[in-house]
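The numbering used here puts the first residue of the sequence shown at 121, with every later residue one more than the last.
Where is the CB? At the ideal position from N, CA and C, for every residue including glycine.
Just below is one structure, and these are the notes that go with it.
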Amino acid sequence: MGWYTWGPGGFTYKYGNVHALARACRLGECTICPRIFSVLSNGEYFDEPDFLSDIQAAIEKLNLPWSHVDFIQEGLKADPDQDLIDYVTIVKDIVSPYIQSIESYINQLNRFDEPVKIIEIIVRIDFNWTLDKKDWPAFIDWLSIPMTEPLSVEKISKGAIEDTYYLSYSLPVELGDAMKKLDDTRHLGLNALGTAILIDEEVFLGQPYDSNQSRIVLEGERFRIVVE
């Protein structure tokens, strides 16, 4: 089994690195969707809900201490030039001053024999990327860099989608060799753009947390980040 990047129209791509694509093309808008998985002092685990945005909403509903963060749906705007430790640090800075509020929420939600403490938080980061239509020409120019002839919307729209276990895009036969010249990031980007063009949807990609997971470990009164 392997994790799949998702995109327009049910498009999926095995092991697609959306973060690398966003960093390489320097186009589009990136967001991180933090999930937290709490390891409790009684040996149990808490991850429902797991999106930090949902946990914030629950804590605020209970009027527990919290510094409000403006989420874009479940996400936060992100700079793709940053690394995983930077994203985890963002999460650490949000949650570490209010661990007691999260603990109070967990204890109110569950009926434990004794109140529990959080001893470790596993941070999981979904990485999402969207590309506005006005940026398509620049993106196509970037995709075309390794090719002897530049791509265009017209050329890409002559491709085809194969719908087997998952949707995949292929260039028209006469351009098939050109696709072999693309590196992994461009190959992923062309698949997403080609699929979006053919089904008339926006270009977006989501990378699940399977490759973006780290830990915040409580040591005394302080939390330490352990990047896995």
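- prompt: Hey, Gln176 and Val189: beta-carbon distance below 8 Å or not?
  reply: yes
Straight-line gap, Asp304 to Thr125 (C-alpha atoms, nearest Å): 13 Å
- prompt: What are the uninterrupted segments assigned as alpha helix (DSSP H) that are 4 or more residues long and contained completely in the stretch 187-275, given in chain order?
  reply: 204-215, 219-229 and 256-264
- prompt: What is the rounded straight-line gap between the Cα of Gly163 and the Cα of Leu302?
  reply: 48 Å
- prompt: Any idea what DSSP makes of Pro128, helix, strand or coil?
  reply: helix
task: Within its chain, find whatever has a CB closer than 6 Å to the CB of Ala144; leave out the 5 residues flanking it on each side and keep chain order.
output: Thr305
task: Would you please state the rounded distance, in angstroms, between the beta carbons of Phe171 and Cys153? I believe it to be under 8 Å.
output: 7 Å
- prompt: Do Pro270 and Ser264 come within 8 Å of each other at the CB atom, strictly closer than that value?
  reply: yes
- request: Give the straight-line distance between the Cα atoms of Asp201 and Val273, rounded to the nearest whole angstrom.
  value: 28 Å
Contacting residues, own chain, Cβ-Cβ under 7 Å from Gly195 (five flanking each side not counted): Thr151, Ile152, Cys153 and Asn248
- request: Enumerate in chain order the residues of its own chain whose CB-to-CB distance from Phe131 is below 6 Å, with the five nearest sequence positions on each side excluded.
  value: Leu287 and Thr315
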